[in-house]
Structures are given as C-alpha cells and as structure tokens.
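Some notes on the structure that comes next.
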Amino acid sequence: MKILLVEDDLALSDVVSFTLRRAGYDVQPAYDGAVALELFESGAPDLVLLDLNLPKLDGLGVCRRIRAVMRRAGVQIAPATLAAQGLVLDRSRGEVQLGDGPPVHLTGLEAKLLEALMREPGRVMAADALIAAVWGPEGGDRTMLKQLVYRLRAKIEDEEVAGFIETVPGIGYAFGGAE
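Quick note, the working numbering runs 152 ahead of the 1-based positions in the sequence shown.
Next up, the structure:
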C-alpha cells in the first residue's frame, strides 16, 4: 500500500515514515501542500495522511483539490452507510440497525458480506464472487461462506423479521429476494 505522508514538521514526518515503513508500507513524504499535490497526481497513493497547517497550500486546500481531481476522474467514494429494505449498515461502526431497533454489532467478515449483498439488492451474487468480496486474495471457501451467512442471519433475522438473505441453491445468495 502506498501512503502519501504530508507533514511539514521534518522530525515528526521522519518518525511516522519510519514506523509505517517498518509496518510494510511504501511511504512518500511531502513537506508542503504544493509538493503533496504533485506527488498525489504522479504517484496514485492508496492513502493520504495530511497535516492541516502546511506551507504554500494548507491541508484543507490540498484536500479540496484531491476531491476535485478524484471527482473529475470519476472516482466514487463509498458512503459510510448503506440502507435497503429498512436495514441500515453503518460501515464505519460495524453495526446494522433495523428500523428503530438497537444497533447490532457485526464482525468484520459479517459486515463485508452484508455490504456486498446490500450493494446489489435483489441480484443473485455467485458464491465465488461473495468469497472474493469477503476474504479477498486470502480466500475462503463455500463452507466458510455458508457458516458466515448463517451467523449473519442469526444477527439480523428472527421469527418476525426474515428473508433479508435468500439462498439460491447452486448459485449463491441475494439480499432481499432474487430478481
């Protein structure tokens, strides 16, 4: 993962860069806002760590220009929450809520699965696609997916509220019923 670190305090920048590199990240330091924009456009970082008080162009100005570049490039920023069929997934908190009920905490894997399904309500998603979305390159298998669906259903469905996740035999799963 490439990280653009924008910090004008050289000592702090060196300490943070050193720590991130030891953790296995590729760090590109920038010491002012103008250089940060140049490195952002040429380096395509995965993450930007940005100080607000910078010489030449402050952090907010850098941030605004990065949003503008991303907007022009058609980059979509995922919303913090997803909602479908009365169910609200708060990705930042790892919680799901149905109506006025209390929020229910999800594990990271449960949240990834629910997010993948909620992004395509009514569409049948192949088991292999869900496995890739949840476990990524580390991989999972169909048995692990089946167990994860079971655990997620136990948290979001009961006798009164059922049917959020539909099993489509031989294919995969759908959120809110298959098309």
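We put the beta carbon where it would ideally sit given N, CA and C, even for glycine.
{"Query": "DSSP beta-bridge partners of F327", "Result": "I317"}
{"Query": "Among A306, V286, F192, E290, the one whose alpha carbon lies nearest that of L297", "Result": "V286"}
{"Query": "Option in G213, V320, P321 with minimal Cα separation from V158", "Result": "G213"}
{"Query": "For T295, the first and last residue of its enclosing alpha helix (DSSP H)", "Result": "294-308"}
{"Query": "Continuous beta strand (DSSP E) stretch holding A235: start and end", "Result": "233-236"}
{"Query": "Touch test, the segment 214-223 against the segment 175-195, Cβ-Cβ under 8 Å, three pairs minimum", "Result": "yes"}
{"Query": "Local conformation of M277 per DSSP, three classes", "Result": "strand"}
{"Query": "From R303, A284, R173, A235, residue whose alpha carbon lies closest to that of L258", "Result": "R303"}
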